[in-house]
Amino acid sequence: FDHNVDYPCFLLTRWDQSAGTERELRVFGPPPTVELTEKLIGPEGAFSPDYLARMHWSASQRVFMNRGGTLPRLAPRVLAEDISAGFRHEGTGWSVQSTAARHAQPHLESIAYRMRTRDGDIVFTGDTEPCDSVQELAQGADVMLCMAWDTDEQMQHTGEMVGSCGVGGAARMATEAGVQKLVLVHVGPRVSRPWNRTAA
Numbered sequence: 001f002d003h004n005v006d007y008p009c010f011l012l013t014r015w016d017q018s019a020g021t022e023r024e025l026r027v028f029g030p031p032p033t034v035e036l037t038e039k040l041i042g043p044e045g046a047f048s049p050d051y052l053a054r055m056h057w058s059a060s061q062r063v064f065m066n067r068g069g070t071l072p073r074l075a076p077r078v079l080a081e082d083i084s085a086g087f088r089h090e091g092t093g094w095s096v097q098s099t100a101a102r103h104a105q106p107h108l109e110s111i112a113y114r115m116r117t118r119d120g121d122i123v124f125t126g127d128t129e130p131c132d133s134v135q136e137l138a139q140g141a142d143v144m145l146c147m148a149w150d151t152d153e154q155m156q157h158t159g160e161m162v163g164s165c166g167v168g169g170a171a172r173m174a175t176e177a178g179v180q181k182l183v184l185v186h187v188g189p190r191v192s193r194p195w196n197r198t199a200a
């Protein structure tokens, strides 16, 4: 669930707080992004009773109109697309590319992303163990957000190194890729302890 639990909140909050004039949202992610999106907000999706109430209940309609919306309110519209490693997409002043990460295959596909903008490049490793594909994607990036569950030593001791980065693995990937700033994310509770923070 930690791979996508924020996704429904993002989709529904964006829709709920809008005035109906926003651009159609495009979502690119590894399989099963399309299936997940449909099961969340499709006509028979888990959240359809909630958004249908907001579309048709007079009090919700009033809030929507006060926000600048015009009735009838439309259901959430999302164009979801399943992608794989090597995906590229461009917009005005930005681009994104993806590569394979190593985490829970073959049960789930894991993808890392690099966003290139005029202000700099940022890499989101997602959940991964140290791997060449992610390190190559991160070459020369300004910022890399990388999971760091625990110290490498502790993860080796507990058998948790497969599919996950420790603090040392994240630091090595960032250093070898020439990343300017490493931000540790998806950290376990032990990482914040003073002796582990020093190691980090």
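According to UniProt numbering, the sequence shown holds residues 1 to 200 in order.
Backbone N, C-alpha and C define an ideal beta-carbon position, used for all residues, glycine too.
Proximity below 9 Å, CB of L79 to CB of L40: As a working mapping, residue 79 is identified with position 79 in the sequence shown. As a working mapping, residue 40 is identified with position 40 in the sequence shown. Inclusion of L79 and L40 in the CB contact set at 9 Å is not warranted, their separation being larger than that value.
Coarse secondary structure for V5, derived from DSSP in three states: Taking the first residue of the sequence shown as 1, we reach residue 5 at position 5. In this structure, V5 counts as coil in the three-state DSSP scheme.
Whole runs of the beta strand (DSSP E) within the UniProt domain "Metallo-beta-lactamase" (83 to 186), excluding any shorter than 3 residues: 88 to 91, 94 to 100, 111 to 117, 120 to 124, 143 to 147, 181 to 185
Buried versus exposed, by CB contacts within 10 Å (16 or more), L11: Against the sequence shown, residue 11 aligns to sequence position 11. Counting Cβ neighbours within 10 Å, L11 comes out buried, since at least 16 surround it.
First through last residue of the beta strand (DSSP E) which encompasses L25: On the sequence shown, position 25 is the one that residue 25 refers to. From DSSP, the beta strand (DSSP E) with L25 extends over 25 to 29.
According to DSSP, residues forming a beta bridge with A80: For this step, residue 80 is matched to residue 80 along the sequence shown. Answer is V27.
N-terminal and C-terminal residue of the alpha helix (DSSP H) that F64 is part of: Within the sequence shown, the letter at position 64 stands for residue 64. F64 -> alpha helix (DSSP H) spans 58 to 66.
Residue 201 vs A104 beta-carbon contact at 9 Å: Since the first and last residues shown for the chain are 1 and 200, residue 201 lies out of range.
Of the residues P32, T158, G126, D121, the one placed nearest G178, counting alpha carbons only: What you label residue 178 is simply residue 178 of the sequence shown in a count that begins at 1. Per the Cα distances, D121.
Proximity below 9 Å, CB of V183 to CB of C131: Stepping through the sequence shown from its first residue, residue 183 is reached at position 183. Stepping through the sequence shown from its first residue, residue 131 is reached at position 131. No, the Cβ-Cβ distance between V183 and C131 is not below 9 Å.
Where F47 sits in the DSSP three-state scheme: Taking the sequence shown and counting its residues from 1, one reaches residue 47 at position 47. It is coil, neither helix nor strand.
Contacting residues, own chain, Cβ-Cβ under 8 Å from A174 (five flanking each side not counted): In the sequence shown, the residue the question calls residue 174 occupies position 174. Excluding sequence neighbours, A174 sits near A138, M144, C146, L182.
Sequence-distant residues of the same chain with beta carbon closer than 8 Å to E22, five excluded per side: For the purposes of this step, residue 22 is identified with residue 22 of the sequence shown, where counting begins at 1. So the list reads R14, once near-sequence residues are dropped.
Simplified DSSP state of P72, which is helix, strand or coil: Translated into the one-based positions of the sequence shown, residue 72 becomes position 72. Coil.
Beta-carbon proximity check, V134 vs D150, cutoff 9 Å: As a first step, residue 134 is located in the sequence shown; it is residue number 134 there, counting from the start. As a first step, residue 150 is located in the sequence shown; it is residue number 150 there, counting from the start. Going by C-beta atoms, V134 is not nearer than 9 Å to D150.
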